[in-house]
Every structure is written in C-alpha cells, then in structure tokens.
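Enquirer: Residue numbers (the numbering used here): 121 to 344.
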Amino acid sequence: MITEDQQQRLEDLKNVFLEENTKLNLSALRDEDSVWIGNILDSVVALDLEIFHKKDITILDVGTGGGFPLLPLAICLPDTQCTGLDSTQKKLDAITRMKDALGIENVRMLSGRCEEKGRKQQHRNHYDIVTARAVAPLNVLLEYCSPFVKPGGYFVAWKSMKVDTELEESLLARAELSCHLEKSYEYELPKDWGKRQLLIFKKTSPTSEKYPRSTGTPKLQPIT
Ligand code: SAM
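1) Quick check on DSSP: helix, strand or coil for residue 172?
2) Classify residue 151 as helix, strand or coil using the three-state DSSP reduction.
3) Go ahead and pull the three-state DSSP assignment for residue 158.
4) Would you say the beta carbon of residue 140 comes nearer than 8 Å to a heavy atom of the ligand SAM?
5) So what does DSSP say about residue 266, is it helix, strand or coil?
6) Would residue 347 and residue 325 qualify as a contact pair, given that the criterion is a beta-carbon distance under 9 Å?
7) Which value, in whole angstroms, describes the spacing of the CA atoms of residue 134 and residue 156?
8) Closer than 5 Å between the C-beta and any heavy atom of the ligand SAM: which residues qualify, listed along the chain?
9) Roughly how many angstroms separate the alpha carbons of residue 153 and residue 145, rounded to a whole number?
10) What residue from 238, 248, 211, 162 has the CA that sits closest to residue 202's CA?
11) State the Cα-Cα distance for the pair residue 195 and residue 228, rounded to the nearest angstrom.
12) Hey, could you find the ends of the alpha helix (DSSP H) residue 137 is sitting in?
13) Mind listing, in chain order, the continuous alpha helix (DSSP H) runs of no fewer than 4 residues lying wholly within the stretch 286-341?
14) Looking at residue 283 and residue 250, is the spacing between their C-beta atoms short of 9 Å?
15) DSSP three-state label for residue 271, please.
16) Can you find the residues in the same chain that come closer than 7 Å, C-beta to C-beta, to residue 132, ignoring five residues on each side of it along the sequence?
17) Just to confirm my understanding: we take residue 281, look at its own chain, exclude 5 residues before and 5 after, and list those with CB closer than 7 Å. What are they?
18) Please identify the residue among 179, 205, 329, 285 whose C-alpha is closest to the C-alpha of residue 246.
Below, the structure is given as structure tokens:
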C-alpha cells in the first residue's frame, strides 16, 4: 500500500525530524529506531483503515506537536488535504520547516487552542476525519476533537491497550457530543513495542452549541 517513493520520503522525514528534535523538545523519541517505530510506523497504521482511502477527504490532526500522525499521513495520502492544529507555535514552525524540506504540499498549519478553533465556522463540523495521538484522556479529547468532525465523519484516537477506564469515563461525553464508538483496531508494532489500538468514533449529528466549552474547561471539568 505504501509505494517505494513514499517509503523513501518517510525515511527522509525520520532524518529531518531527528535533526529538528535536537533543537527543540518535540518528542522524547530521539534515536533512529524509536522515531521510525514509535512515531512513523505508529502513524501510518491508520492507512489500514478504509476510511482514510476515500476520495476528496480532509483530515485534521489535533495536538499534532512534532507532526505525528500528520506528516506520515500526508506523505502517504498525497491527494488528501491535511491540517495540523497545535497551540504551540514553535512546534508548528518546526513542522513547516520539515514539510518545506521534504516538499510536502498537502499540509497546512492551524495555530491555536481546540476550544477556540472548534467554535470557528470554517472549522466546525467541517473535516471528514479528525485524528489525535497522545493529547488527552478520551472524555477531554472528544470535546477537543469532535466539534471539528463533519456529521457522518470520524474521529480516530491513538490509544494504548489499557483504555477501559477512559472508555467508561467517556460514556457521557460520547452521548453529549454525538460520537458513537464504531470499532477499535488493534495492531502490534515491531520489536518490543507491543500492542496498541486505534479507536474509531463516528459523529452522528452536528455538535451542540454548548461545545467546546471555554479554554481550559474541558480539561479542568471533563464531561463525566
Ligand atoms: N500528536 C503528537 C504526537 O503524538 O507525537 C504530539 C503529542 S504532544 C504530547 C500533545 C500536543 O497537544 C502538544 O503539542 C500540545 O501543545 C497540544 N495540545 C494540548 N492541548 C491542546 C489544546 N487544547 N489545543 C491545541 N493543542 C493542544
């Protein structure tokens, strides 16, 4: 599914990321193997899901940080418009340098907090797929991410296998935010990285005007 050219571009991403990570604290993963497995392979696993292969879709990666899963997905889905949102401008600047160095043209950056951008008409109920990896517990994450999803679209969360409590504590958030857990996709990374999963939520109707609440509130008072 990944072409030889894309494989080479993913290797190039690993190298520019390693370089950027020496200047900025983008990720705790600092050696070649960890960046390749823990960031790049962990990102492209989403390509196993059919929803990422529909034509003319838009993807928003919330809390993209150093660009994962944003950049690997953009490399492997060159016809898909991908947007990365983060509140830390210096991380977005690093992503811009990396995408320019690699000639990735289908990525744009959005600077700000989810709680603010999720209220803007041009982003609200807008994206076909919203992704998030290592950003917040599910009940908080659903409030951060689901306002951006088009009704009928998907929110995909990267999670460890230990997610039972988070799932239980997100029951009300899922109901309030019209997000239905459609399935979980379990995968295993090479070497001793172990099992992880993608949780795939379908958004069934537009987000209530109540959400997202003001900046800081989703984290301080999660919907429970
Ligand atoms: N997704 C990346 C990855 O897996 O490597 C980065 C994860 S990093 C631990 C979490 C990122 O989420 C940080 O860059 C932080 O700035 C961003 N973030 C956290 N809360 C946010 C919010 N409310 N709005 C926008 N960005 C947020």
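The C-beta atom is built at its ideal place from N, Cα and C for all residues, glycine as well.
Predicted, not measured: the structure shown is a model, and the values here were computed from it.
Expert: Per the coordinate set shown:
1) Indexing the sequence shown from 1 puts residue 172 at position 52. Residue 172 falls in the helix class under three-state DSSP.
2) Taking the first residue of the sequence shown as 1, we reach residue 151 at position 31. Three-state result, residue 151: coil.
3) Reading the sequence shown from its first residue, position 38 is the one you call residue 158. Here residue 158 sits in helix by DSSP.
4) The count along the sequence shown starts at 1 and reaches residue 140 at position 20. No, the beta carbon of residue 140 sits no closer than 8 Å to any heavy atom of the ligand SAM.
5) Taking the first residue of the sequence shown as position 1, residue 266 is located at position 146. In the structure shown, the three-state DSSP call for residue 266 is helix.
6) Outside the displayed range of the chain (121 to 344) lies residue 347, so it cannot be described from this structure.
7) By one-based count along the sequence shown, residue 134 stands at place 14. By one-based count along the sequence shown, residue 156 stands at place 36. Answer to the nearest angstrom: the Cα atoms are 6 Å apart.
8) 183, 185, 188, 206, 207, 208, 233, 234, 253, 254, 255
9) On the sequence shown, position 33 is the one that residue 153 refers to. On the sequence shown, position 25 is the one that residue 145 refers to. Their backbone Cα atoms lie some 18 Å apart in a straight line.
10) Residue mapping note: residue 202 aligns to position 82 of the sequence shown, counting from 1. Cα-wise, what sits closest to residue 202 is 248.
11) By one-based count along the sequence shown, residue 195 stands at place 75. By one-based count along the sequence shown, residue 228 stands at place 108. The alpha-carbon atoms of residue 195 and residue 228 are separated by roughly 13 Å.
12) Working through the sequence shown from its first residue, we reach residue 137 at position 17. Residue 137 -> alpha helix (DSSP H) spans 124-143.
13) 291-296, 337-340
14) Counted from its first residue, the sequence shown places residue 250 at position 130. Counted from its first residue, the sequence shown places residue 283 at position 163. No, the pair does not count as a contact, with Cβ atoms beyond the cut-off.
15) Against the sequence shown, residue 271 aligns to sequence position 151. Strand, per DSSP.
16) The residue given as residue 132 occupies position 12 in the sequence shown. For residue 132, same chain residues with a beta-carbon under 7 Å away, outside a window of 5 residues either side, are 222 in chain order.
17) If you number the sequence shown from 1, residue 281 lands on position 161. Counting only Cβ-Cβ distances below 7 Å, and skipping sequence neighbours, we find 315, 316, 317.
18) Here residue 246 refers to the residue found at position 126 of the sequence shown. The candidate whose alpha carbon is nearest that of residue 246 is 179.
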